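The working numbering puts the sequence shown at residues 3 to 438.
Ideal Cβ positions, reconstructed from N, Cα and C, are used throughout, including at glycine.
Here the structure is a predicted model, which means the values were calculated and not measured.
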Amino acid sequence: MSRGSTRQYIIELDDGTYLYRNGHFSQVANVAELAGESWLVTDFPGFGQSTISRVTTVETGPKYANIMVAKKLQEEGEFTDPVQVISHESRKKGRDNTEVFYTALTHDLFHQYLDRVGNSSDALLVFPLHTLLLQICRKVPGHQPVALVFRHGRYADLLIASQKTVYYSSRATIFDQSEDQVQSLWNMIGDDIDSVEREKMLAIGQCVICNWFDATDKPDWDDRPGRSIVETPSTQITVDGESRSCSLLPLLDLLAVGDSISQTATKMSCYARRCLPVAQIILAVLALGLVAGTSLLHTKTDSLQADIVLAKLELADLTSFSLPEKVDYTASLELLKKLDRYRVAKTFKSVINDLSAAVSNQMVIEQVQVDVQDDAMTVQIRGKIDAGFQTAYRNYQKLIKNIEQNNYKVVENTFNTEIDQAEFLLVYESFIGGTK
């Protein structure tokens with residue numbers, strides 16, 4: 003690895019957590035206990051079927067593509083709770099459509115995961131697994147589409163992409179790693195590639211295979227001529243005392259800080275560490291300049307003393323003049339503050355978007371009333387939930403939580419329920435210029 007010796011990688015895959023540092027590979031129990039800057043590549047373990055990675059097209063511009071993808075997933079029944087969409091790549095397709103390559107999971111589970119890994123005392127950069135897979139596809143020479151297959155455990159992740167376009171993403175799963183099941187897995191992958199070729203009218207002549215240490219099998223595609231199999235370079239590691247081959251680890255260096263989904267402050271911390279040696283050199287040069295400048299300043303001291311005497315005489319003359327009358331700018335300042343508060347206030351469109359993202363599929367909003375005052379915007383919503391008490395109340399609590407996460411303050415809430423239906427009244431505020 004060209005830079006692997008200077009980075010500490012953590013890989014979370016198939017409910018296992020592993021550390022790769024200085025060529026050494028080991029399993030770890032708690033990410034937060036590791037010292038030093040870490041680069042975490044994860045498939046969001048423990049979430050099972052709650053995490054999916056696909057390519058889809060939505061009818062909107064790139065700015066609102068993630069919102070429309072989340073809405074589409076809920077309408078199709080993939081998720082019942084609010085959805086968090088991580089966009090790996092999006093591109094405009096036609097006039098009003100956007101094609102998005104994404105990973106999606108529930109909003110609550112996504113933030114629970116970030117809170118868990120955020121307990122680390124040092125900088126921790128988080129990278130979704132499919133961000134790495136996309137970078138691998140981008141590094142394959144040539145401009146033709148390639149099929150990348152990442153084999154790990156009972157799974158095979160398929161990504162079909164060219165240098166500029168992502169065409170398809172899926173995950174195939176088998177019950178166990180018996181010979182028959184593995185052969186069935188490769189047949190499924192081969193059928194998917196053939197199907198994409200027909201539907202997208204592509205010619206995929208190369209299949210690139212990358213493996214984890216627990217899956218080193220290769221496809222037997224004698225019945226699929228014209229498609230070459232390319233294996234990525236591997237490295238030897240020791241797992242439970244046995245030597246294993248893994249080709250994913252040498253490819254981790256393809257990641258960059260900008261690919262991470264961590265907070266901006268964490269990314270800036272990593273950039274600052276890189277720039278620290280350069281900053282030390284600059285400070286040393288400045289220190290030498292200060293030493294050289296000190297001798298020059300001493301030679302001008304006498305001249306400055308004479309200038310000070312003359313300045314004092316001129317100051318004495320100036321103090322005899324009266325100062326101009328003080329101008330009161332209080333009213334103007336208050337106007338500017340008021341305009342600034344309205345500039346950052348939430349718009350009606352943003353209030354509706356926040357409400358649309360907060361409600362669940364079982365909720366019916368019957369009335370929305372928005373009142374705008376000088377320093378606050380009050381939103382009153384009435385609605386009903388066609389469900390039993392427990393389901394209705396759980397959805398109502400999630401609605402309140404999602405609204406509060408968007409910087410609103412709930413001032414009134416009423417929840418009435420019958421056997422199979424519940425009605426609610428919710429009033430919340432957004433203070434213009436910030437919360438009180």
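Its Cα nearest to that of T175, the residue M190 stands out among G385, M190, A149 and K65. Taking G38 as the centre and dropping the five residues before and after it, the same chain places the C-beta of Q10 and D124 closer than 6 Å to its C-beta, in chain order. Taken in chain order, the segment 337–361 contains no complete beta strand (DSSP E) segment of 3 residues or longer. C-alpha of N68 to C-alpha of S358: approximately 14 Å in a straight line.
Nearest to K65 by alpha-carbon distance, out of E14, D98 and V30, is D98. Here DSSP, grouped into helix, strand and coil, assigns P84 to coil. Annotation for H132: the continuous alpha helix (DSSP H) segment containing it runs L131 to R140. Cβ contact annotation for P235 (same chain, cutoff 7 Å, sequence separation greater than five): S249 and P252, in chain order. Following the DSSP letters along the chain, one finds L401 inside the alpha helix (DSSP H) bounded by residues F391 to Q407. In the structure shown, S40 falls within a strand segment according to DSSP collapsed to helix, strand and coil.
For K202, the enclosing alpha helix (DSSP H) begins and ends at E181 to K202. Inter-residue distance for M379 and T19 is about 47 Å (C-alpha atoms, whole angstroms).
In this structure, T100 lies near V60, with their beta-carbon atoms less than 8 Å apart. Inter-residue distance for L256 and L135 is about 10 Å (C-alpha atoms, whole angstroms). Taking all protein chains shown into account, D193 has fewer than 16 neighbouring C-beta atoms within 10 Å of its C-beta and is therefore exposed. The three-state secondary structure of A258, taken from DSSP, is coil.
Contact holds between the segment 415–426 and the segment 391–399, because three or more Cβ pairs, one in each stretch, are under 8 Å apart. For S271 and N32, the gap between their C-alpha atoms comes out near 22 Å.
The residue from L15, V128 and K339 with its alpha-carbon nearest to that of R156 is L15. Taking a cut-off of 8 Å on C-beta distances, the segment 161–175 does not touch the segment 111–119, as fewer than three cross pairs fall below it. The straight-line gap separating the alpha-carbon atoms of Y430 and V381 is approximately 5 Å.
With respect to the 8 Å criterion, L42 and V30 are not classified as neighbours on the basis of their beta carbons. Following the DSSP letters along the chain, one finds Q382 inside the beta strand (DSSP E) bounded by residues A378 to I387. When secondary structure is reduced to three states using DSSP, E316 falls in the helix class.
Around the C-beta of N418, fewer than 16 other C-beta atoms lie within 10 Å, and the residue is accordingly described as exposed. Only residues of its own chain outside the window of five on either side were considered, and among them F81, V85 and A106 have a CB closer than 7 Å to the CB of L75, listed in chain order.
For L75, the enclosing alpha helix (DSSP H) stretches over residues A67 to E77.
DSSP places H113 in the helix class (H, G or I) of the three-state scheme. Counting only the Cα atoms, E406 lies some 14 Å from K348. Closest option to A360, judged by alpha-carbon separation, among I402, D373 and F350: I402.
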